[in-house]
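With the working numbering applied, the sequence shown corresponds to residues 38 to 590, in that order. Every residue gets a Cβ at the ideal spot worked out from N, C-alpha and C, and that includes glycine.
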Amino acid sequence: QRATAMAQEAFPLHFLVWNNQYLELDRELQKKEQDVERLDPRGRTPLELAVCLGHLESTRVLLRHSADPTHCNSQSWTILQEAVSTGDPELVQLVLQYRDFKRATERLAGIPELLSKLRQARDFYVEMKWEFTSWVPLVSKVCPSDVYRVWKSGSCLRVDTTLLGFEHMTWLKGRRSYIFKGGDDGAMVMEVDHEKQVVYTEPLVLSPRDAPSLLAAMQPSQENTAQRLTSPIVSTHLNTRNIAFERNKSGIWGWRSEKSEVVSGYEAKVYSATNVELVTRSRTEHLSDQDKSRSKGEHTHTHTHTHTHTHTHCASPHNPTAITAEEYFNPDFNLNGRDIGRPVELTSKVQRFKATLWLSEVHPLSLAEQVTPIIDLMAISNAHFAKLRDFITLRLPPGFPVKIEIPLFHVLNARVTFSNLCGCDEPVSSVTVHTPEGQSPPPFQCEVDPSVFEPPPDYTTLGPGRSEPMRDEDDNLLQFAIQQSLLDAGTESDQVRTRPVKTSFKQLRFGTSQVGKVCPSASLLRLCIPDIMGVYGGESWHSCLVKGHSLKS
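Here is the structure:
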């Protein structure tokens with residue numbers, strides 16, 4: 038009795054969640070006296086506790102009161118991943134809906150601030166070539182490449198791309214421009230489909246009256262939920278804790294020297310980043326035997342840990358070892374490996390990689406002032422840009438990274454090359470180079486034609502909203518990576534191909550999540566660049582990476 042009273046006093050929200058007293062929980066939260074993100078003695082927030090116990094009603098109440106659905110726990114699992122572990126489709130749909138709603142609102146709030154930062158940087162034009170490579174022959178045949186063309190002038194930004202995304206084991210091709218225009222009174226984003234000659238225009242503002250409509254539009258499809266519940270829960274993170282940079286050598290033994298190469302016209306020193314580990318963990322406790330057999334195959338260099346315990350009296354599926362509240366909330370009580378939730382079935386894989394960087398100390402672009410704000414802007418909804426951003430913000434050797442090669446999965450690498458700065462390699466009609474007298478290229482500065490940031494006048498301009506289902510491309514790409522990683526084991530066939538996009542804006546706009554559900558004034562969930570390699574789900578992706586947490590599915 039005394040222990041229960043102490044637990045109730047110390048952790049009032051958690052205690053109400055434990056007993057699923059959701060009506061009292063709602064009343065307590067309305068007082069706004071308790072920290073909804075406080076951790077209990079086992080390291081869980083009230084929302085995570087509700088999800089792990091399978092308490093749908095308490096979960097709904099906490100989410101309505103702004104509990105964070107993007108939280109990473111101490112084991113680097115997300116709230117959504119813990120919901121999938123329960124096997125409850127209604128719980129998964131609820132958490133997924135609020136997670137996507139939080140993503141959308143954070144992106145809407147973040148883009149104007151990034152555009153304001155861009156205003157301070159010098160104007161320029163640059164091309165970023167992305168090449169996806171693999172050491173697996175069947176995968177390397179279907180790895181795409183694309184060139185992002187970037188114009189920056191003041192607080193205006195335009196990015197052109199042709200590789201739009203990934204859906205149903207297919208690379209989506211098309212011609213899109215994403216135009217961002219910042220100003221003192223807010224920001225505007227335009228999505229231009231050059232094939233259909235259509236422009237979607239949307240102010241980046243979310244008023245309080247629009248929030249319910251946006252939340253309703255985030256309702257995930259049953260197909261999306263079913264896919265999660267029949268696939269492993271995968272967490273991938275790049276461990277750079279022990280990373281070291283060293284100069285590459287060239288020449289033969291006895292005559293070796295530090296390696297340098299010319300990249301895009303600039304002398305660059307070549308470095309290798311060693312001790313880079315890609316850690317992939319997979320949970321399967323929620324899968325049926327049939328689903329487990331379908332997902333098997335990654336057995337090389339793999340360590341499997343299955344945590345099971347003998348079930349005792351009064352056990353439930355979400356508390357299989359019948360832990361009492363007194364035991365759970367007592368920080369001095371040793372649970373001896375017992376825990377709430379389903380017994381975890383965990384498979385982990387650690388692979389060591391070398392990342393390669395080509396750094397030029399004479400390149401005129403400033404990484405911090407000019408390029409990083411743009412990569413930050415792209416990384417808001419694009420996980421491979423987010424990984425690039427988190428890598429280049431490490432303590433790199435001096436110089437601008439004119440080329441960089443980093444691992445994305447255990448079978449996929451990305452090679453990014455910056456080229457044609459201000460049109461110095463190939464002239465660009467919309468860019469005028471100004472070279473001060475007495476200087477030779479590389480150019481000192483350039484001027485971008487303002488017409489670049491306006492759509493063609495003969496295109497049809499539309500407002501927000503469309504009636505096409507929104508894809509969760511992050512998870513499609515993760516499933517692709519998992520499937521392709523089995524190729525070397527001979528368990529899957531090569532199913533990936535490239536085709537043109539037949540539907541417009543399907544992967545970029547958030548006007549709907551199901552056909553006919555239109556959000557009237559918030560039509561850009563993806564907001565900017567499509568998630569070509571958007572594997573980790575994006576929910577506070579970069580914050581989890583910086584903390585050493587997982588890049589989630």
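Can you round the beta-carbon distance between GLY212 and PRO269 to whole angstroms, since I take them to be within the 8 Å contact cut? Counting from 1 along the sequence shown, the entry for residue 212 is found at position 175. Counting from 1 along the sequence shown, the entry for residue 269 is found at position 232. Correcting the residue identity first, residue 212 is Arg in this sequence and not Gly. Contact flag wrong, Cβ pair sits at about 36 Å.
What residue from ARG186, ARG278, THR142, LEU414 has the CA that sits closest to VAL313's CA? As a working note, residue 313 is residue 276 in the sequence shown. For the residues ARG186, ARG278, THR142, LEU414, the minimum Cα distance to VAL313 belongs to ARG278.
Beta-carbon contacts of GLY387 that lie in its chain and below 7 Å, excluding the five residues immediately before and after: Translated into positions along the sequence shown, residue 387 becomes position 350. One detail in the question is off: residue 387 reads as Val in this sequence, not Gly. Contacts found: GLU314, VAL316.
Enumerate, from N- to C-terminal direction, the unbroken alpha helix (DSSP H) stretches of 4 or more residues contained entirely within the region 220-306. Restricted to the region 220-306, the alpha helix (DSSP H) segments that are unbroken, complete and at least 4 residues in length are 248-254, 259-266, listed in chain order.
Here's the rule: buried if 16 or more other CB atoms are within 10 angstroms of the residue's CB, otherwise exposed. What is ASN457? As a first step, residue 457 must be located in the sequence shown, where it is residue number 420. Under this definition ASN457 is a buried residue.
Check for me: the beta strand (DSSP E) holding ILE443 runs from which residue to which? One-based indexing of the sequence shown puts residue 443 at position 406. Its beta strand (DSSP E) spans residues 437-444.
Starting from HIS51, trace the beta strand (DSSP E) in both directions and tell me its first and last residue. Translated into the one-based positions of the sequence shown, residue 51 becomes position 14. From DSSP, HIS51 is part of no beta strand (DSSP E) but of the alpha helix (DSSP H) over 49-55.
Other residues of its chain near HIS323: CB distance less than 8 Å, five sequence neighbours each side excluded: Residue 323 sits at position 286 when you count from the first residue of the sequence shown. So the list reads VAL121, SER122, THR123, GLY124, LEU266, ILE270, ARG379, once near-sequence residues are dropped.
Three or more C-beta pairs under 8 Å: does that hold for the region 78-98 against the region 41-56? The region 41-56 and the region 78-98 touch, with three or more beta-carbon pairs separated by less than 8 Å.
Given a cut-off of 8 Å on the beta-carbon distance, is the pair ALA224 and LEU155 in contact? As a working mapping, residue 224 is identified with position 187 in the sequence shown. As a working mapping, residue 155 is identified with position 118 in the sequence shown. Not closer than 8 Å, so no.
Which whole-angstrom value describes the C-beta separation of HIS471 and GLU463, a residue pair presumed to lie in contact below a C-beta threshold of 8 Å? Numbered from its first residue, the sequence shown carries residue 471 at position 434. Numbered from its first residue, the sequence shown carries residue 463 at position 426. Between HIS471 and GLU463 the beta-carbon gap is near 18 Å, outside 8 Å, which marks them as no contact.
Tell me whether the beta-carbon of ILE116 lies closer than 8 Å to the beta-carbon of GLU164. Mapped onto the sequence shown, residue 116 falls at position 79. Mapped onto the sequence shown, residue 164 falls at position 127. Against a cut-off of 8 Å, the Cβ pair of GLU164 and ILE116 comes out as no contact.
Pop quiz: SER251 and PHE428 are said to be a contact at Cβ under 8 Å. What is the actual Cβ separation, rounded to whole angstroms? Start at 1 with the first residue of the sequence shown, and residue 251 comes out as number 214. Start at 1 with the first residue of the sequence shown, and residue 428 comes out as number 391. It is worth fixing the name first, because residue 251 is Leu in this sequence and not Ser. With a Cβ gap of about 32 Å, LEU251 and PHE428 do not count as contacting.
Opening and closing residue of the alpha helix (DSSP H) in which THR409 lies: Your numbering for residue 409 matches position 372 in the sequence shown. That run of the alpha helix (DSSP H) goes 409-416.
ASP328 versus GLN264, THR361, TRP290, SER309, residue with shortest Cα-Cα distance: Start at 1 with the first residue of the sequence shown, and residue 328 comes out as number 291. Taking only the C-alpha atoms, the option nearest ASP328 is GLN264.
Looking at the structure shown, is CYS193 part of a helix, part of a strand, or coil, going by DSSP? Indexing the sequence shown from 1 puts residue 193 at position 156. Here CYS193 sits in strand by DSSP.
Report the rounded CA-to-CA distance for ASP495 versus VAL235, giving the unit in angstroms. For the purposes of this step, residue 495 is taken as residue 458 along the sequence shown, with counting starting at 1. For the purposes of this step, residue 235 is taken as residue 198 along the sequence shown, with counting starting at 1. Looking at the two C-alpha atoms, the distance is approximately 9 Å.
Starting from LEU499, follow its DSSP beta bridges and name the residues at the other end. The residue labelled residue 499 in the question sits at position 462 within the sequence shown. In the DSSP output, where bridge partners are listed per residue, LEU499 has TYR237.
Where does LEU396 sit, in a helix, a strand or coil, going by DSSP? For the purposes of this step, residue 396 is identified with residue 359 of the sequence shown, where counting begins at 1. Strand.
Counterpart residues of LEU76 in DSSP-defined beta bridges: Taking the first residue of the sequence shown as position 1, residue 76 is located at position 39. Note: LEU76 sits in no beta bridge, so no partner.
Candidates TRP188, GLN67, GLN71: closest to THR469 by CA position: For this step, residue 469 is matched to residue 432 along the sequence shown. If we check each option's Cα against that of THR469, TRP188 comes out closest.
Assign ASP183 to one of three DSSP states: helix, strand, or coil. Here residue 183 refers to the residue found at position 146 of the sequence shown. If DSSP states are grouped into helix, strand and coil, ASP183 belongs with the strands.
How far does the beta strand (DSSP E) with THR454 in it extend, from its first residue to its last? Working through the sequence shown from its first residue, we reach residue 454 at position 417. 450-456 is the extent of the beta strand (DSSP E) around THR454.
Cβ-Cβ distance between PHE455 and SER301 below 8 Å: By one-based count along the sequence shown, residue 455 stands at place 418. By one-based count along the sequence shown, residue 301 stands at place 264. In contact: PHE455 and SER301 (Cβ atoms closer than 8 Å).
Would you kindly report the start and end of the unbroken alpha helix (DSSP H) that includes GLU364? Translated into the one-based positions of the sequence shown, residue 364 becomes position 327. Its alpha helix (DSSP H) spans residues 362-366.
Applying the criterion that 16 or more other CB atoms from any shown protein chain within 10 Å of the CB defines a buried residue, is TRP395 buried or exposed? Stepping through the sequence shown from its first residue, residue 395 is reached at position 358. Within 10 angstroms of the beta-carbon of TRP395 lie 16 or more other beta-carbons, which makes it buried.
Tell me whether LYS554 sits in a helix, a strand or coil according to DSSP, three-state version. The residue given as residue 554 occupies position 517 in the sequence shown. At LYS554 the pLDDT is 31, less than 50, meaning the model places this residue with poor confidence and gives no usable figure here.
Same chain only: Cβ atoms within 6 Å of PHE422, ignoring 5 sequence neighbours per side: Sequence index remark: in the sequence shown, residue 422 carries index 385 (1-based). Once the five neighbours on either side are set aside, the close Cβ partners of PHE422 are ILE412, MET415, ALA416.
Beta-carbon proximity list for PRO6, same chain, < 6 Å, skipping 5 on both sides: Outside the modelled stretch of the chain, which goes from 38 to 590, sits residue 6, for which no answer is possible.
Burial state of GLU283, where buried means 16 or more other Cβ atoms lie within 10 Å: If you number the sequence shown from 1, residue 283 lands on position 246. Exposed, by the Cβ-count rule.
At what residues does the alpha helix (DSSP H) containing CYS89 begin and finish? As a working note, residue 89 is residue 52 in the sequence shown. Segment 83-89, the alpha helix (DSSP H) holding CYS89.
So what's ALA42 in DSSP terms, helix, strand or just coil? Locating residue 42 in the sequence shown gives position 5, where the first residue counts as 1. DSSP places ALA42 in helix when its eight states are reduced to three.
Between which two residues does the beta strand (DSSP E) holding GLN482 run? Indexing the sequence shown from 1 puts residue 482 at position 445. It spans 482-485 - the beta strand (DSSP E) in which GLN482 sits, taken as one unbroken run.
Between PRO435 and the rest of its own chain, which residues show a CB-CB distance below 8 Å, the 5 nearest in sequence each way excluded? Position 398 of the sequence shown, counting from 1, holds the residue named residue 435. Within the same chain, PRO435 has close Cβ partners LEU396, GLU398.
Take GLU491 and list the residues in its own chain whose beta-carbon comes closer than 7 Å to its own, dropping the five residues that flank it on each side. Residue numbering aside, residue 491 sits at position 454 when the sequence shown is read from its first letter. Once the five neighbours on either side are set aside, GLU491 has no close Cβ partner at all.
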